[in-house]
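Have a look at the structure below before the remarks.
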Amino acid sequence: MRPKDTTPNTMNILAELKKRFHDVMAEYAGDSDVQSLLDMIRPAQDARFGDYQANCAMPLGKQLGKAPRDVAAEILEKVQIDDICSHTDIAGPGFINLTVCQDWLNSQVNSAAADNRVGVGLVKDPETYILDYSSPNVAKPMHVGHIRSTVIGDSLARTLRFLGHKVIADNHLGDWGTQFGMIIYGYKHFVDQQAYQQHEVKELSRLYRLVNQLIEYWKSKKGLGSQQRQIEERMTDVERLERVDPTGDKKEDKKHAKALGRARGQLAQARQALELLHAKVTAVDGDQQLYAYAQQHPDIARSSLLETAKLHEGDVTNRELWEEFLPKCREDIQRVYTRLNVEFDVEYGESFYHEMLPGVVAGLQEVGLASESEGAQCVFLEEFETPMIIQKSDGAYLYATTDLATINYRMKEWDADEILYVVDHRQSEHFQKLFAVANAWNAPDVKLHHISFGTVLDENGRPYKTRSGDAVGLEGLLDEAVRKAFEVVSANDDGKPNGPELDEATRNHIADVVGHGAIKYADLSHNRTSDYVFSYDKMMALEGNTATYMQYCYARVQSIFRKGGVELAELRRSPRAIVLGHEAERALAMMLMRYSEALGNVLDEYRPNQLTNYLFDLAKRFSSFFEQCPVLKAEDEAVKQSRLQLCDLTGRVIAHGLSLLGIGVVEQM
RNA sequence: GCGCCCAUAGCUCAGCUGGAUAGAGCAACGGACUUCUAAUCCGUAGGUCGCAGGUUCGAAUCCUGCUGGGCGUGCCA
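First residue of the first sequence: 984, per our numbering; consecutive thereafter.
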């Protein structure tokens, strides 16, 4: 995604190797190519090849017209790595295999253990990042669609901060849009004062859903006719195509079959759409109260828009209602963030930028970027067929306008180097336009990235929704995860050979950490660009690549300390004496040393799943070590001390890595 | 119509932006609990990386075409 060097620079074996290779590589290539040659040094793909491998001899051989294996030998001759590598090897067509020497690895691990950053340095060139994530519409309950943005954004913010960047996490709340007009309209006509007194947000949310349902009712009712006509048209298409006889020409027939298939698909789609419309209509028609409301408010869609417009124009009543509703809605959202342990530095919602919007349009007009078209103010861009509309023909502004105002503000206020928008992939075209305009207008240097992500699907591969077609509420989702986690915790504890160890309160706490961790981890462990299938059973199976596996690993480490009566503070004060004798110890240590590599990989393309993959590998190495290397019953005191230190470092890295994902650990499970 | 994205084991997914014999987890099968927590470990089986070309020492990865799916597409956000 970006070419800058994000590799943290302390105790990073890969970085050290690259440093050692740098001058030699420079002899072969111009400065510009050195980096790409160095990037060919990477962790060995297979343990049999050693720890790291350099693949640069093959392209160089080609370039120089020499045999790659000769080039590899030449490179090895020149490069100074005797102190780091015990063994080097040229394999296959010219792979350089590097094995890190034991003494050096020992000393590196000891340094990491003594370091409160577990061996991870700070980036050389810190930057100022604005992270724009979560951004729910207030007054609408948060649903499953908000989870990815929130969790991915939070994790990136934590990781960037840890590596030394300045981060401003900004929750760009939707607090000014059409949903407020709907709520205001609902409040004016349908509010149940008693319910409102009791729980304001719950009532507001009911009002939102009610108004939305009535709007949808009329829209669906009006749409039935045209949908019916569309089906008829599709049917004629299908019938016409079905009557066509095969021509005998293979190509022609194939084309025809394809057209028929598509027509049938479209027909099925149209029928489905009609069914949906019918469902929305009958839901209201079948309910006396709803039906009465609908008849009394035939113009509800337009009226709600009008309430929004009045709010924006400064209408006193609507403004007062907005002032009354907003803090309560924010509190309600805050409750979700509190349980998710997600924090923001600022929460400047859309309303914050409202007064800046005329200036945006005027500014773009002034420099000739914006022009009028069909009554709207538009910015036309060469690369795009459609313009970015910044002011509607009725004078209202759009989210594109707000987004531009937001960039202006962020540049002025924080002089940002990069702004990351953690928003789902469907908005990619919007962001392409936004970035193009912002860079062309008055933010030429800032790096703007759309950190897009895929959709959360159900087990049938369709967007995750409730049976009635609504989005699944986020809080209910979290509750369910915690409930399931509690069951697993209890079942496991009851089944312990020496009887249960955990009281009710402890079980609840563990269920809370494990349940929330499972949800977050399921999300973060997938490549963010893919859609993924949401499944409680998968994530709560608590096996395989799940947060629970890592948390379990951590708990086992703590269990060793508990059983052995080890004082952690004392252990950490004592001199570091990790010696890696056993194969499993060495493998574990090597993985521990690669933590900073993993974090660098996260920032390369802003993908937290690079960290989950790493933690899973680390946890597997630890489990393997745990099986093979007794700690408390080690063969002698030196080995025992060494292994205790190794366990402690592992526990710290796991806990730290999970913390960067926004996930906690517990001492016992 | 145009644009963007996706297709990897029965299932869910990785694959570090061109490297060695394509990996994990689940499910299946076979082993390991007088234990530092078996929420674990060890092993077996499972693949024409959608299809066809191309680029090159080397392709799941890059390019072209095709097939199948998703999303977006002038006044919602």
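Every residue, glycine too, gets a C-beta built ideally from N, C-alpha and C.
Please read these numbers as outputs of a predicted model, since none were measured by experiment.
In the DSSP assignment, find the unbroken beta strand (DSSP E) run with residue i in it and report its ends.
i       : result
PHE1469 : Counting along the chain, PHE1469 falls outside any beta strand (DSSP E), though it belongs to the alpha helix (DSSP H) covering 1457 to 1477.
ASN1080 : 1078 to 1083
THR1071 : 1068 to 1074
THR1111 : 1111 to 1115
ALA1388 : Taken as a continuous stretch (DSSP letters only), ALA1388 belongs to no beta strand (DSSP E), being part of the alpha helix (DSSP H) at 1382 to 1397.
PRO1026 : 1024 to 1026
In or out: residue i buried (at least 16 other Cβ within 10 Å) or exposed?
i       : result
HIS1509 : buried
PRO1483 : exposed
ALA1353 : buried
ASN1443 : exposed
THR990  : Caution applies to THR990, whose pLDDT of 47 falls short of 50 and renders its modelled position unreliable; the value that the coordinates give is listed next. Classification for THR990: buried.
THR1389 : buried
GLN1211 : exposed
LEU1551 : exposed
LYS1001 : buried
TYR1447 : buried
ASP1462 : exposed
PRO986  : Residue placement at PRO986 cannot be trusted, given a pLDDT of 38 that sits under 50; the coordinates are not used to answer.
LYS1416 : buried
PHE1363 : exposed
ASP1477 : exposed
GLY1500 : buried
SER1287 : buried
SER1138 : buried
In this structure, what does DSSP give as the bridge partners for residue i?
i       : result
VAL1439 : TYR1515
VAL1406 : SER1435
VAL1150 : TYR1112
ASN1324 : Its beta-bridge partners do not exist; DSSP assigns none.
GLY1157 : ASN1120
ALA1454 : LYS1448
GLU1401 : TYR1112 and LYS1430
CYS1361 : SER1354 and ILE1372
TYR1035 : PRO1026 and LEU1081
VAL1101 : Paired residue(s): none; VAL1101 is not in a bridge.
HIS1499 : Per DSSP, none; premise fails for HIS1499.
HIS1126 : GLY1456
VAL1329 : ASP1153
Would a C-beta distance cut-off of 7 Å place residue i and residue j closer than the cut-off?
i       : j       : result
VAL1083 : VAL1439 : no
ALA1246 : ASP1220 : yes
LYS1263 : SER1203 : yes
VAL1017 : ALA1040 : no
GLY1136 : VAL1405 : yes
ALA1567 : GLN1611 : yes
ASN1343 : THR1384 : The amino acid at residue 1343 is misidentified as Asn; the sequence shows Val. Yes. Within cutoff.
LYS1467 : ILE1646 : no
VAL1636 : VAL1101 : yes
ALA1464 : GLY1437 : no
ILE1167 : GLU1290 : yes
LEU1250 : ARG1217 : yes
LEU1571 : VAL1585 : no
LEU1598 : GLY1634 : no
ILE1561 : LEU1629 : yes
TYR1011 : LEU1043 : yes
LEU1644 : ALA1096 : no
With residue i as the anchor, note down where its alpha helix (DSSP H) starts and where it stops.
i       : result
ALA1040 : 1040 to 1047
PHE1335 : Taken as a continuous stretch (DSSP letters only), PHE1335 belongs to no alpha helix (DSSP H), as it is neither H nor E.
THR1573 : Looking at the sequence itself, residue 1573 is Met, so the reference to Thr does not match. Element bounds for MET1573: 1566 to 1575.
PHE1367 : Here PHE1367 belongs to no alpha helix (DSSP H), and DSSP marks it neither H nor E.
ILE1561 : No alpha helix (DSSP H) holds ILE1561; DSSP gives it neither H nor E.
VAL1649 : Careful: VAL1649 lies outside any alpha helix (DSSP H) and carries neither H nor E.
ASP1587 : 1578 to 1588
LYS1293 : 1283 to 1296
LEU1190 : 1183 to 1226
Are the stretch 1599 to 1608 and the stretch 1526 to 1536 in contact at 8 Å, needing three or more beta carbon pairs? yes
Determine, using beta-carbon pairs with one atom in the stretch 1543 to 1550 and one in the stretch 1591 to 1605, whether at least three such pairs fall under 8 Å. The answer is no - the stretch 1591 to 1605 does not touch the stretch 1543 to 1550, with fewer than three Cβ pairs under 8 Å.
I'd like to know if the stretch 1062 to 1080 and the stretch 1035 to 1049 are in contact, where contact means that at least 3 CB-CB pairs between them fall below 8 Å. yes
Does the stretch 1138 to 1158 come into contact with the stretch 1577 to 1589, if we say contact requires no fewer than three beta-carbon pairs (one atom in each stretch) closer than 8 Å? yes
Do the stretch 1150 to 1160 and the stretch 1327 to 1334 touch if we need at least three Cβ pairs shorter than 8 Å? yes
Inspect the CB distances between the stretch 1259 to 1274 and the stretch 1195 to 1202 and report whether three or more fall short of 8 Å. yes
Is it a yes or a no for the stretch 1560 to 1575 touching the stretch 1107 to 1126, going by three-plus beta-carbon pairs under 8 Å? no
Report yes or no: do the stretch 1392 to 1412 and the stretch 1483 to 1496 share at least 3 C-beta pairs separated by less than 8 Å? no
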